[in-house]
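Report on one structure; see the data block that follows.
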Amino acid sequence: MVLYTSPFPNSFLSILHSFSWGLIFPCYWLADRLVGSFVPTTYEKRQRADDPCYFHALCIIITTPIYLALLVASLPFALIGFLLWSPLQSARRPYIYSRLKDKNHANGATLLTEWKAAGSGKSFCFGSANVCLLPDSLARFNNVFNTQARAKEIGRRIRNGASRPQIKIYIDSPTNTSISAASFSSLVSPQAGDNRTVNAGIKRTTSMEYKGDNCGSNNGEENREDKGGSGEPHEGEENTCIVPINGEENGHMSDTETDTVNGQARASGPAEPSLEGDAEISKTPNHKQKEGDSGSLDSCSASRESLVKVRVGDGTVDQSTVNNKLLYKASIMKKTSVRKKKHTDETFDHEISAFFPANLDFLCLQEVFDKRAAEKLKEQLHHYFEYIVYDVGVYSCNGCCSFKFVNSGLLFASRYPVMDAAYHCYPNGRGMDSLASKGALFLKVQVGSTPQDQRIVGYISCTHLQAIAGDTTVRCEQLDMLQDWLSEFRKSTSSSSTANPEELVAFDVLCGDLNFDNCSSEDKLEQQHSLFTHYKDPCRVGPGEDKPWAIGTLLDPEGLYDEEVCTPDNLQKVLESEEGRKGYLVYPTSKNHSSSQKGRKASLKGNGRRIDYMLYTEEGLYLEWKVEVEEFSFITQLAGLTDHLPVAMRLMVSTGEDDP
Numbered sequence: 092m093v094l095y096t097s098p099f100p101n102s103f104l105s106i107l108h109s110f111s112w113g114l115i116f117p118c119y120w121l122a123d124r125l126v127g128s129f130v131p132t133t134y135e136k137r138q139r140a141d142d143p144c145y146f147h148a149l150c151i152i153i154t155t156p157i158y159l160a161l162l163v164a165s166l167p168f169a170l171i172g173f174l175l176w177s178p179l180q181s182a183r184r185p186y187i188y189s190r191l192k193d194k195n196h197a198n199g200a201t202l203l204t205e206w207k208a209a210g211s212g213k214s215f216c217f218g219s220a221n222v223c224l225l226p227d228s229l230a231r232f233n234n235v236f237n238t239q240a241r242a243k244e245i246g247r248r249i250r251n252g253a254s255r256p257q258i259k260i261y262i263d264s265p266t267n268t269s270i271s272a273a274s275f276s277s278l279v280s281p282q283a284g285d286n287r288t289v290n291a292g293i294k295r296t297t298s299m300e301y302k303g304d305n306c307g308s309n310n311g312e313e314n315r316e317d318k319g320g321s322g323e324p325h326e327g328e329e330n331t332c333i334v335p336i337n338g339e340e341n342g343h344m345s346d347t348e349t350d351t352v353n354g355q356a357r358a359s360g361p362a363e364p365s366l367e368g369d370a371e372i373s374k375t376p377n378h379k380q381k382e383g384d385s386g387s388l389d390s391c392s393a394s395r396e397s398l399v400k401v402r403v404g405d406g407t408v409d410q411s412t413v414n415n416k417l418l419y420k421a422s423i424m425k426k427t428s429v430r431k432k433k434h435t436d437e438t439f440d441h442e443i444s445a446f447f448p449a450n451l452d453f454l455c456l457q458e459v460f461d462k463r464a465a466e467k468l469k470e471q472l473h474h475y476f477e478y479i480v481y482d483v484g485v486y487s488c489n490g491c492c493s494f495k496f497v498n499s500g501l502l503f504a505s506r507y508p509v510m511d512a513a514y515h516c517y518p519n520g521r522g523m524d525s526l527a528s529k530g531a532l533f534l535k536v537q538v539g540s541t542p543q544d545q546r547i548v549g550y551i552s553c554t555h556l557q558a559i560a561g562d563t564t565v566r567c568e569q570l571d572m573l574q575d576w577l578s579e580f581r582k583s584t585s586s587s588s589t590a591n592p593e594e595l596v597a598f599d600v601l602c603g604d605l606n607f608d609n610c611s612s613e614d615k616l617e618q619q620h621s622l623f624t625h626y627k628d629p630c631r632v633g634p635g636e637d638k639p640w641a642i643g644t645l646l647d648p649e650g651l652y653d654e655e656v657c658t659p660d661n662l663q664k665v666l667e668s669e670e671g672r673k674g675y676l677v678y679p680t681s682k683n684h685s686s687s688q689k690g691r692k693a694s695l696k697g698n699g700r701r702i703d704y705m706l707y708t709e710e711g712l713y714l715e716w717k718v719e720v721e722e723f724s725f726i727t728q729l730a731g732l733t734d735h736l737p738v739a740m741r742l743m744v745s746t747g748e749d750d751p
């Protein structure tokens, strides 16, 4: 299957489309600005609280006639542009496939050689997020604004979180041995230009073994003995640091331990420099690096809340020195571990993390509707992901029953090469959703090859269902279509036979914003859909019941800019408590709930509305392989930038054989 690298089959149509859109854009921009001026966010309301109340009204009185006059003047040109633009959409392709052109940063081909099927297997990490990148006037109805700046910052935060070293901290104590969530959220980016070698070991309570690419010789003979003399990391553990910690009451490290951990942090390699520079200041409220904000790892103040003060002799280390050390707050680790201990029957790790998982392989985004924002987001993501599929969907009346003004909002990013892609539009959208070409994006990626030159592939699907509450029948119909399209895509892209397989399927993952949760009584039909008999939900016990540790992914828009939740670290801490979740998550309610605040609190059910899903299946995979969930995360790194919590899942594909 040919992957489309441009929206039109020839340059003439592309030029004509650009010309028509150039005629439409002034009218579109003016209308967006005009409507947006009448829809303030809670952040803007608080900013204006200290100003005279008449100042903003005066600005609106002055600017509104100007916008209206310019809007009327631009309407004739927009009409001409629309008459050219609309018929062109019949020749438009359903997506744009972008591959990183800078060969110095391209590593997709290298990743294919990392996993040999004769080994024990490899893990793959998947992420999904609804980023609410609508035109600014529409985004304001969700209490977010400045779409262009948010798109740039969302891309920066995702790539910074995914490109950091993977750190795992194990608490070794008589009462607890679980993995601490602080291992993923309390990381300081290594400092550039400092490549100090690592000490051979850490005395007493702490030891570290870094298994990344930059530490192949740091531990000398120990590494060679553990890895059979190859000096290479184990499969699936690249860029990973494992830190066992024996439990102590005070949680302090000795001076020797501090120096050694510091050396290990620096040995992991230089941090990626900020492309925009430290002097850049974004216009949106939460893009400034505040104390405790771990959203951007290239900030010197990243995740200060996650650091611990270390005593040296009789004095205390200066805060600026602490910021350069890879140290962890013992209280955070103990608190998180106790929370995890409640669910000892779970077979995989789960956490609320302030960062996207390290070594994120695949990313599926929803509501990337604004085309200019999509370009900015793509530019940022390309610093980490080599392959991106964006501008997915149809416009005008092409391929759908009703007129479509915006695309599907789906975007896919991958570190591995994309082999095939297909898009289908849901024809039964209603209300405002019918104006967008909501649908499903299906992708086939190559993740490796066998010694016999058999391709190892995986399937990933991303979708966004009908959003309007009460449209249960519409969503069920869309789930039916989704299953049919999944089966059709698998058959049309498969080049294998049972007797002589040319491809080995490692995984099949489905993710996206399904716009229903597993606890609301109004969503019973969706909860019982046959999709969940074929695909497994790691957060789900059964229809109407989630696992105790699963939390909602839909944030209350009114509280997005509260100081308690406006940074990744703060939002993480709030969501770890039941009272915090009740204050800042949208909860499912029963049909007979009271309209009063007291009645609403009494009707709260579960841990919030979890409408963003990450599903996987074992059907249709290579029979001799086994797929298991290794880790599931709810992520707060996009705090203040969207009204959804991103989710991530790491799958381990085991071949059932030992390492060679």
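Note that my numbering has the sequence shown beginning at 92, numbered continuously upward.
Glycine included, every Cβ here is placed at the ideal spot set by N, Cα and C.
Residue i classed as buried or exposed, judged by whether at least 16 other C-beta atoms fall within 10 angstroms
{"i": "serine 611", "result": "buried"}
{"i": "alanine 465", "result": "buried"}
{"i": "threonine 564", "result": "exposed"}
{"i": "glutamine 457", "result": "buried"}
{"i": "threonine 727", "result": "buried"}
{"i": "asparagine 101", "result": "exposed"}
{"i": "glutamine 543", "result": "exposed"}
{"i": "serine 753", "result": "This structure gives no information on residue 753, because the portion of the chain shown stretches from 92 to 751."}
{"i": "glutamate 477", "result": "buried"}
{"i": "isoleucine 157", "result": "exposed"}
{"i": "arginine 183", "result": "buried"}
{"i": "isoleucine 106", "result": "exposed"}
{"i": "proline 737", "result": "buried"}
Distance between residue j and residue i (C-alpha atoms, nearest Å)
{"i": "threonine 438", "j": "glutamate 721", "result": "8 Å"}
{"i": "asparagine 221", "j": "isoleucine 171", "result": "34 Å"}
{"i": "cysteine 516", "j": "alanine 140", "result": "44 Å"}
{"i": "phenylalanine 215", "j": "glycine 500", "result": "24 Å"}
{"i": "threonine 624", "j": "tryptophan 112", "result": "45 Å"}
{"i": "cysteine 752", "j": "leucine 166", "result": "The question about residue 752 has no answer, for the chain in this structure spans 92 to 751."}
{"i": "aspartate 653", "j": "leucine 646", "result": "12 Å"}
{"i": "lysine 495", "j": "threonine 584", "result": "28 Å"}
{"i": "leucine 203", "j": "isoleucine 547", "result": "9 Å"}
{"i": "tyrosine 514", "j": "cysteine 567", "result": "19 Å"}
{"i": "asparagine 489", "j": "valine 480", "result": "20 Å"}
{"i": "leucine 595", "j": "leucine 534", "result": "15 Å"}
{"i": "glutamate 363", "j": "proline 256", "result": "Interpretation of glutamate 363 is limited by its pLDDT of 42, a score under 50 that renders its predicted location unreliable; no figure is taken from the coordinates."}
{"i": "leucine 526", "j": "threonine 155", "result": "27 Å"}
{"i": "glutamate 328", "j": "aspartate 142", "result": "Note on glutamate 328: pLDDT 44, under 50, position unreliable in the model; the coordinate value appears next. Rounded to whole angstroms, glutamate 328 to aspartate 142 spans 54 Å at the Cα level."}
{"i": "alanine 739", "j": "isoleucine 153", "result": "47 Å"}
{"i": "lysine 469", "j": "cysteine 657", "result": "25 Å"}
{"i": "serine 181", "j": "threonine 554", "result": "23 Å"}
CB contact flag (residue i, residue j, <8 Å)
{"i": "leucine 605", "j": "isoleucine 245", "result": "no"}
{"i": "lysine 615", "j": "glycine 635", "result": "yes"}
{"i": "leucine 570", "j": "leucine 622", "result": "yes"}
{"i": "leucine 502", "j": "valine 483", "result": "yes"}
{"i": "phenylalanine 103", "j": "isoleucine 443", "result": "no"}
{"i": "leucine 742", "j": "tyrosine 707", "result": "yes"}
{"i": "aspartate 734", "j": "asparagine 237", "result": "no"}
{"i": "isoleucine 187", "j": "serine 97", "result": "yes"}
{"i": "glutamate 649", "j": "threonine 133", "result": "yes"}
{"i": "glycine 212", "j": "serine 745", "result": "yes"}
{"i": "leucine 94", "j": "alanine 512", "result": "yes"}
{"i": "glutamate 613", "j": "glycine 697", "result": "no"}
Start and end residues, beta strand (DSSP E) containing residue i
{"i": "threonine 554", "result": "546 to 555"}
{"i": "glutamate 617", "result": "Here glutamate 617 belongs to no beta strand (DSSP E); instead the alpha helix (DSSP H) covers 615 to 618."}
{"i": "alanine 220", "result": "212 to 224"}
{"i": "histidine 515", "result": "509 to 516"}
{"i": "leucine 622", "result": "It is not in any beta strand (DSSP E) - leucine 622 instead sits in the alpha helix (DSSP H) that spans 622 to 625."}
For residue j and residue i, believed in contact at Cβ under 8 Å, the rounded distance
{"i": "arginine 701", "j": "aspartate 637", "result": "6 Å"}
{"i": "phenylalanine 580", "j": "glycine 549", "result": "Not confirmed; about 13 Å, so no contact."}
{"i": "alanine 160", "j": "cysteine 118", "result": "Between cysteine 118 and alanine 160 the Cβ distance is about 12 Å, and since that is not below 8 Å, they are no contact."}
{"i": "glutamine 471", "j": "lysine 243", "result": "6 Å"}
{"i": "phenylalanine 232", "j": "valine 130", "result": "6 Å"}
{"i": "serine 228", "j": "glycine 127", "result": "4 Å"}
{"i": "proline 508", "j": "glutamine 545", "result": "Contact doesn't hold; Cβ gap of about 16 Å is too wide."}
{"i": "phenylalanine 723", "j": "cysteine 630", "result": "7 Å"}
{"i": "valine 459", "j": "serine 528", "result": "The Cβ separation is near 13 Å, so there is no contact."}
CB contact check: residue i to chain C, cutoff 8 Å
{"i": "arginine 247", "result": "This model lacks chain C altogether; it includes just one protein chain."}
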